[in-house]
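**Student:**
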Amino acid sequence: MTEGAPLVAMAGIVKRYGGVQACRDIDLTVQPGEVHALLGENGAGKSTLMRILSGDITDHDGRVEVDGEQQRFSGPADARAAGIAMIHQELDLVPALSVTENVFLGRELRRGGRLDRRAMAQRTAAVLARIGVALDPARPVERLRTGEQQLVVIAKALSVDARILIMDEPTSALSTSEVDRLFGVTRELRRDGVGIVYISHRMDEIARIADRATVLRNAEVVATFDPRTMTTAQVVEAMIGRPVQQVFSTPDTSSGEELLRVEDLAMRSRRLQPGRRDPDGISVTVRAGEIVGLAGLLGSGRTELLETLYGVGSPGGTTGRVVLGGTAATPHGARQALRRGIAFVPEDRRLAGLVLFHSVLANTVIASLGALGRLGFVSARREWRAAQDSAARLGIKAAAISDAVGTLSGGNQQKVVLGRVLRTQPRVLLLDEPTRGVDVGAKAEIYQLLGELAGQGLGVLLTSSELPELIGVCDRVVVLRDGRSVAEFDTEQAGEADVLAAAMGEKLAAAGGPQ
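Okay, structure coming up:
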């Protein structure tokens with residue numbers, strides 16, 4: 001990081017939406033070669049501030065300076081001309097086009113009135129080489145892994161000489177190895193003097209990659225610090241404005257009767273998509289009052305196991321045994337699974353878990369309408385009461401339950417999904433990455449809810465890519481690798497290193513299951 005004049009200086013930034021203040025007198029600087037992390041709960045003002053810096057929001061008060069010169073962007077094109085590029089969480093790529101075509105989309109090089117494909121391919125290869133990435137410029141983006149697609153977006157930004165990169169949750173869908181690769185590229189950019197604003201909810205990543213961190217709360221700056229000098233608890237306390245005794249709510253319950261038993265389950269999909277892995281010999285049990293975690297690398301079969309247990313996906317046949325409440329049965333479809341007491345929260349809540357343009361009320365009650373009416377007619381009053389009860393129980397923050405669920409923060413959207421499935425009164429709850437894209441305050445609330453549900457006798461089977469989450473929340477962790485269960489750990493006796501070693505196929509420090 002270069003000390004001296006900042007590459008970017010934002011001073012006294014104010015933005016209001018009617019009576020709501022989204023940014024309140026915010027100051028932020030980024031030095032050349034600095035990774036400056038921006039932290040805060042959803043709704044704290046991070047997105048608004050970065051949309052101002054990237055030219056997406058033009059109506060605001062305060063000053064934006066780049067290289068000491070005041071800027072007043074009239075749109076994103078002006079910001080790009082000043083060397084600012086934003087890499088969104090949802091990657092802005094056209095899957096059917098090649099790497100080169102995506103890098104130069106909308107600003108294609110021409111020679112003699114025709115596309116100069118050779119020059120574009122050469123420039124793409126050069127910018128990929130700059131960040132140490134070996135990708136074929138002619139390869140279609142849809143054939144790349146998510147982590148490689150992320151690097152294409154970075155290359156696209158650098159191809160227009162971007163000197164300031166805004167990265168919004170860049171690792172939310174990446175595997176551990178892909179995160180390491182992205183961080184390697186980030187360090188190369190830092191050495192080249194590129195300034196980076198890094199938005200993330202993952203505290204371990206901030207400590208690894210950031211030089212400074214700024215916390216926003218209630219639309220204003222509350223702290224700026226060296227992330228290597230702060231504990232996770234201190235950072236979380238700054239973000240949510242109240243003391244945090246323990247980030248994870250560890251269940252203090254005794255397990256009861258066996259609710260779910262999976263014995264050597266294998267499945268063959270009719271259409272297996274790239275990056276997915278069919279179950280190929282998985283065994284796991286879940287008891288009443290117990291939270292069991294599924295650990296594994298990307299493509300280990302965690303999501304596919306949950307989908308099989310819920311009866312969704314595209315199975316071409318299963319072998320093995322699934323026992324629910326003492327009765328052998330593999331659900332065929334979501335309706336049958338719900339009748340048997342299984343509920344499922346999918347990984348992508350926006351795509352598979354919610355109808356974004358419908359209200360909080362509609363999304364909450366859609367799976368339990370049969371219990372809210374008489375003689376085939378649904379009672380609007382009962383619907384309203386049910387949605388209000390769920391919102392109060394789960395702490396859903398919405399101006400009104402008639403608001404479209406797509407307007408809520410990620411944490412509140414996830415609470416709506418949880419509220420809906422809990423209204424079906426399940427005995428076994430399947431959760432696929434339940435806190436992905438959720439801020440730390442909402443995470444703590446979800447952890448607490450899981451502990452309460454276990455205390456009420458539910459059995460919970462969940463996946464997470466965050467090992468501290470699995471160790472902190474679960475009673476036991478079952479490790480999957482290549483579609484098979486390879487190890488099982490009691491979380492009071494094993495740590496993150498044991499789980500990761502089993503997931504990677506290394507020698508286990510202390511395993512309680514098959515290898």
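In the numbering used here, the protein residues as written are 1 to 515. Ideal placement from N, C-alpha and C gives every residue a C-beta, glycine not left out. Please read all numbers here as calculations on a predicted model, not as lab measurements.
Hey, how far is the Cα of D136 from the Cα of V99?
**Tutor:** Position 136 of the sequence shown, counting from 1, holds the residue named residue 136. Position 99 of the sequence shown, counting from 1, holds the residue named residue 99. For D136 and V99, the distance between alpha carbons rounds to 8 Å.
**Student:** Who are K15's beta bridge partners in DSSP?
**Tutor:** The residue labelled residue 15 in the question sits at position 15 within the sequence shown. According to DSSP, which records beta bridges pairwise, K15 is partnered with C23.
**Student:** To the nearest angstrom, how far is it from the Cα of A128 to the Cα of T229?
**Tutor:** In the sequence shown, counting from the first residue as 1, residue 128 sits at position 128. In the sequence shown, counting from the first residue as 1, residue 229 sits at position 229. For clarity, residue 128 is Leu in the given sequence; the question names Ala instead. Computed Cα separation, rounded: 34 Å.
**Student:** With a cut-off of 8 Å, do at least 3 Cβ pairs link the stretch 185-193 to the stretch 24-33?
**Tutor:** Short answer: they touch.
**Student:** Going by C-alpha distance, which of R217, A502, L408 is nearest H358?
**Tutor:** Residue 358 sits at position 358 when you count from the first residue of the sequence shown. Per the Cα distances, L408.
**Student:** Restricting to Cα atoms, I'd like to know which of Q336, D403, R374 is closest to Q388.
**Tutor:** On the sequence shown, position 388 is the one that residue 388 refers to. Selected option, being the one with the closest Cα: D403.
**Student:** For the alpha helix (DSSP H) that S269 lies in, which residues bound it at each end?
**Tutor:** Sequence index remark: in the sequence shown, residue 269 carries index 269 (1-based). Here S269 belongs to no alpha helix (DSSP H); instead the beta strand (DSSP E) covers 258-269.
**Student:** Rounded to a whole number of angstroms, what is the C-alpha to C-alpha distance between A125 and I199?
**Tutor:** Mapped onto the sequence shown, residue 125 falls at position 125. Mapped onto the sequence shown, residue 199 falls at position 199. Distance between the alpha carbons of A125 and I199: 28 Å.
**Student:** My guess is that L260 and L324 are in contact by the Cβ rule of under 8 Å, so how many angstroms apart are they, rounded?
**Tutor:** Taking the sequence shown and counting its residues from 1, one reaches residue 260 at position 260. Taking the sequence shown and counting its residues from 1, one reaches residue 324 at position 324. That pair is a contact at about 6 Å.
**Student:** Using the three-state DSSP reduction, which class does R80 fall into: helix, strand or coil?
**Tutor:** Here the question's residue 80 lines up with position 80 in the sequence shown. If DSSP states are grouped into helix, strand and coil, R80 belongs with the helices.
**Student:** In angstroms with no decimal places, state the Cα-to-Cα distance between G281 and R187.
**Tutor:** Taking the sequence shown and counting its residues from 1, the one referred to as residue 281 is at position 281. Taking the sequence shown and counting its residues from 1, the one referred to as residue 187 is at position 187. Whole-angstrom Cα-Cα distance: 40 Å.
**Student:** State whether the stretch 488-498 contacts the stretch 301-315, with contact taken as three or more CB pairs (one from each stretch) at a distance under 8 Å.
**Tutor:** Result no; under three Cβ-Cβ pairs closer than 8 Å.
**Student:** I need the boundaries of the beta strand (DSSP E) containing A295, first residue and last residue.
**Tutor:** The count along the sequence shown starts at 1 and reaches residue 295 at position 295. Run containing A295: 291-295, per the beta strand (DSSP E) assignment.
**Student:** Classify P140 as helix, strand or coil using the three-state DSSP reduction.
**Tutor:** On the sequence shown, position 140 is the one that residue 140 refers to. Three-state result, P140: strand.
**Student:** Could you tell me if D59 is buried or exposed, where buried requires 16 or more neighbouring beta carbons within 10 angstroms of its beta carbon?
**Tutor:** Residue numbering aside, residue 59 sits at position 59 when the sequence shown is read from its first letter. Looking at its Cβ environment, which holds fewer than 16 other Cβ atoms inside 10 Å, D59 is exposed.
**Student:** Please classify G4 as buried or exposed, where buried requires at least 16 other C-beta atoms within 10 Å of its C-beta.
**Tutor:** Looking up residue 4 in the sequence shown gives position 4. Exposed, since its Cβ has fewer than 16 Cβ neighbours within 10 Å.
**Student:** How long is the line joining the alpha carbons of P514 and R427, rounded to whole angstroms?
**Tutor:** Position 514 of the sequence shown holds residue 514. Position 427 of the sequence shown holds residue 427. At P514 the pLDDT is 42, less than 50, meaning the model places this residue with poor confidence and gives no usable figure here.
**Student:** The beta strand (DSSP E) that contains R476, what's its start and end?
**Tutor:** Residue numbering aside, residue 476 sits at position 476 when the sequence shown is read from its first letter. Segment 476-481, the beta strand (DSSP E) holding R476.
**Student:** Under 8 Å Cβ to Cβ from A22, same chain only, skipping five residues before and after it: list those, please.
**Tutor:** By 1-based counting over the sequence shown, the position of residue 22 is 22. Taken in chain order, the residues that qualify are K15, R16, G45, T48, A219.
**Student:** So what does D211 bridge to, in DSSP terms?
**Tutor:** Translated into positions along the sequence shown, residue 211 becomes position 211. Its beta-bridge partners do not exist; DSSP assigns none.
**Student:** My parser needs the beta strand (DSSP E) runs of 3 or more residues fully inside the stretch 303-390; what are they?
**Tutor:** Complete beta strand (DSSP E) runs here, min 3: 315-324, 342-345.
**Student:** Cutting at 8 Å between CB atoms, please list the residues of its own chain near A168, excluding the five before and the five after it.
**Tutor:** Locating residue 168 in the sequence shown gives position 168, counting from the first residue. According to the sequence as given, residue 168 is Asp; it is not Ala. The residues are S47, M50, M86, I87, H88, Q89, I199.
**Student:** Cutting at 8 Å between CB atoms, please list the residues of its own chain near A334, excluding the five before and the five after it.
**Tutor:** One-based indexing of the sequence shown puts residue 334 at position 334. If we look at A334 and ignore the five residues flanking it on each side, its Cβ neighbours are Y310, G311, V312, F344.
**Student:** In angstroms, rounded to a whole number, what distance separates the CA positions of G18 and A399?
**Tutor:** Position 18 of the sequence shown, counting from 1, holds the residue named residue 18. Position 399 of the sequence shown, counting from 1, holds the residue named residue 399. When rounded, the distance between both Cα atoms is 14 Å.
**Student:** Which residue comes first and which comes last in the beta strand (DSSP E) that contains Q71?
**Tutor:** By one-based count along the sequence shown, residue 71 stands at place 71. 69-71 is the span of the beta strand (DSSP E), which, as asked, contains Q71.
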